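**Student:** According to my numbering, the sequence shown holds residues 50 to 375 in order. Using N, Cα and C, we set each Cβ at its ideal position, and we do this for glycine too. Quick caveat: nothing in here was measured; it's all calculated off a predicted structure. The structure under discussion is supplied below as structure tokens; questions concerning it will follow.
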Amino acid sequence: MIFDCHSDTFTHITLRREKSENNIFKNYHLNNFKKGNVCGSIFVIWIDPPYDSNPSLRAKEIVSALKDEINESKDIINVVRSYKDIGKCFLKSKVDIVIGMEGLSHIGSDLDKINYYHNEVHVRHASLTWNEENELATGVCGDDNRGLTLVGKNTVKRLEDLNMLVDVSHLNEKSFWDLVNVASKPIIASHSNAKSLCDVKRNLSDEQLKTIAKSGGVVGLNGFSGFVSHNKDKQNLQGFVDHIDYMSDLIGIDHICLGFDYCDYLESDTLSSFSQDVSNPNVENLQSASHSNNVTRELRKRGYLEDEIDKITHRNIFRVMEDVLK
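The structure is reproduced here in structure tokens:
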């Protein structure tokens, strides 16, 4: 089975429910999850362009949509509130959903809102930014010299106090190291690749990868073409698994997981904010959740043992969740 550490499915659910549809996960996504052998995922609240001009309003709209969707999908969705909720629903045709927040622009500097999201929305994961600068930290599109603010450092402590997963994907380098200096628990990069194989701001240097592993955390491999390779011939499943090979040698098999970042259901005005390809910017043979098991097949071809594959596909992230989601 596969656990996907990053999904924007709530974005699609919100967009479709705004058009008076319901049962979005069941009608659009469930079969793909089953075909791809995906047992669960971190579904994030992401302030998606072009709605990022009013983050607080958009967050409220997404929360309303996700609550309605979950209420009518209790037969197929299991919301994870603690580690004991993980991994028990696959044989019952349910999907484990960890509710996360990709960026915290919508809370401003009000840390008590984190408690609200934790208690009322059951959020168990957060990153401080998407690509933007906000009152807490700086994303990869912000000022290279700006890192975490004092409020941002206190945010990391609040997230840890609430036993939430702290995610460094999308932070610029200064914010990454500022966060590392205040974090005391394992950290994750839910959907980032190796900068040594593809030198873009969203990917992580060898030193960053080693630091995540040293914390006891994991790095989730991202299927976005521009983060896999600059070479078009390597923007495919094989190029994706090359990052697994590289990280396995660098930081060890125990610190690798999967964060596919599928975009097949996102609308063109959202995709155009970060990609020139508004059809499907993910690599060949990893373009929807239904393709997820292709990674398992490729790993077997390369000689990975079944125990190693299980670690990559789900056991590593489950270990971190056991440590953090008390």
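Does the beta-carbon distance from glutamate 118 to isoleucine 51 come in below 8 Å?
**Tutor:** The sequence position of residue 118 within the sequence shown is 69, counting from 1. The sequence position of residue 51 within the sequence shown is 2, counting from 1. Not in contact: glutamate 118 and isoleucine 51 (Cβ atoms no closer than 8 Å).
**Student:** If we ignore side chains and look at the alpha-carbon of each, how far apart do glutamate 333 and isoleucine 125 end up?
**Tutor:** Along the sequence shown, one-based indexing puts residue 333 at 284. Along the sequence shown, one-based indexing puts residue 125 at 76. The straight-line gap from Cα to Cα measures roughly 29 Å.
**Student:** If you pair each beta-carbon of the segment 293-300 with each one of the segment 80-89, do three or more pairs fall below 8 Å?
**Tutor:** No, the segment 293-300 is not in contact with the segment 80-89.
**Student:** If the criterion is Cβ atoms closer than 8 Å, does the pair cysteine 312 and asparagine 285 meet it?
**Tutor:** The sequence position of residue 312 within the sequence shown is 263, counting from 1. The sequence position of residue 285 within the sequence shown is 236, counting from 1. Against a cut-off of 8 Å, the Cβ pair of asparagine 285 and cysteine 312 comes out as no contact.
**Student:** On the three-state DSSP scale, how would you describe aspartate 313?
**Tutor:** Locating residue 313 in the sequence shown gives position 264, where the first residue counts as 1. In this structure, aspartate 313 counts as coil in the three-state DSSP scheme.
**Student:** Mapping the DSSP letters down to three states, classify phenylalanine 323 as helix, strand or coil.
**Tutor:** As a working note, residue 323 is residue 274 in the sequence shown. Coil at phenylalanine 323, not helix or strand.
**Student:** Which one or two residues does DSSP pair with histidine 174 in a beta bridge?
**Tutor:** Within the sequence shown, the letter at position 125 stands for residue 174. DSSP, once it has assigned bridges, lists Gly149, Leu214 as partnering histidine 174.
**Student:** Which residues share a DSSP beta bridge with cysteine 190?
**Tutor:** Here the question's residue 190 lines up with position 141 in the sequence shown. Answer is none; cysteine 190 lacks a bridge partner.
**Student:** Got a sec, what are the start and stop residues for the beta strand (DSSP E) asparagine 127 sits in?
**Tutor:** By 1-based counting over the sequence shown, the position of residue 127 is 78. Note, asparagine 127: beta strand (DSSP E), 126-128.
**Student:** Considering leucine 307, what are the terminal residues of the alpha helix (DSSP H) in which it resides?
**Tutor:** If you number the sequence shown from 1, residue 307 lands on position 258. Segment 305-307 is the beta strand (DSSP E) holding leucine 307; no alpha helix (DSSP H) there.
**Student:** Pop quiz: isoleucine 146 and asparagine 120 are said to be a contact at Cβ under 8 Å. What is the actual Cβ separation, rounded to whole angstroms?
**Tutor:** Along the sequence shown, read from residue 1 onward, the residue named residue 146 stands at position 97. Along the sequence shown, read from residue 1 onward, the residue named residue 120 stands at position 71. About 13 Å separates the two Cβ atoms, so there is no contact after all.
**Student:** According to DSSP, is valine 332 helix, strand or coil?
**Tutor:** Here residue 332 refers to the residue found at position 283 when the sequence shown is read from its first residue. Of the three classes helix, strand and coil, the one that applies to valine 332 here is coil, per DSSP.
**Student:** Express the C-alpha separation of asparagine 71 and phenylalanine 24 in angstroms, rounding to a whole number.
**Tutor:** The structure shown does not extend to residue 24, since the chain is modelled only from 50 through 375, so no value can be given for it.
**Student:** How big is the Cα-Cα spacing for asparagine 183 and histidine 292?
**Tutor:** The residue labelled residue 183 in the question sits at position 134 within the sequence shown. The residue labelled residue 292 in the question sits at position 243 within the sequence shown. The alpha-carbon atoms of asparagine 183 and histidine 292 are separated by roughly 30 Å.
**Student:** Among residues of its own chain, excluding the 5 on either side of aspartate 318, which ones have a beta-carbon nearer than 8 Å to its beta-carbon?
**Tutor:** The sequence position of residue 318 within the sequence shown is 269, counting from 1. If we look at aspartate 318 and ignore the five residues flanking it on each side, its Cβ neighbours are Pro98, Pro99.
**Student:** Touch check for the segment 200-212 and the segment 244-252: three-plus C-beta pairs under 8 Å?
**Tutor:** The answer is no - the segment 244-252 does not touch the segment 200-212, with fewer than three Cβ pairs under 8 Å.
**Student:** If you pair each beta-carbon of the segment 222-231 with each one of the segment 268-275, do three or more pairs fall below 8 Å?
**Tutor:** The segment 222-231, when compared against the segment 268-275, does not touch it at the 8 Å Cβ threshold.
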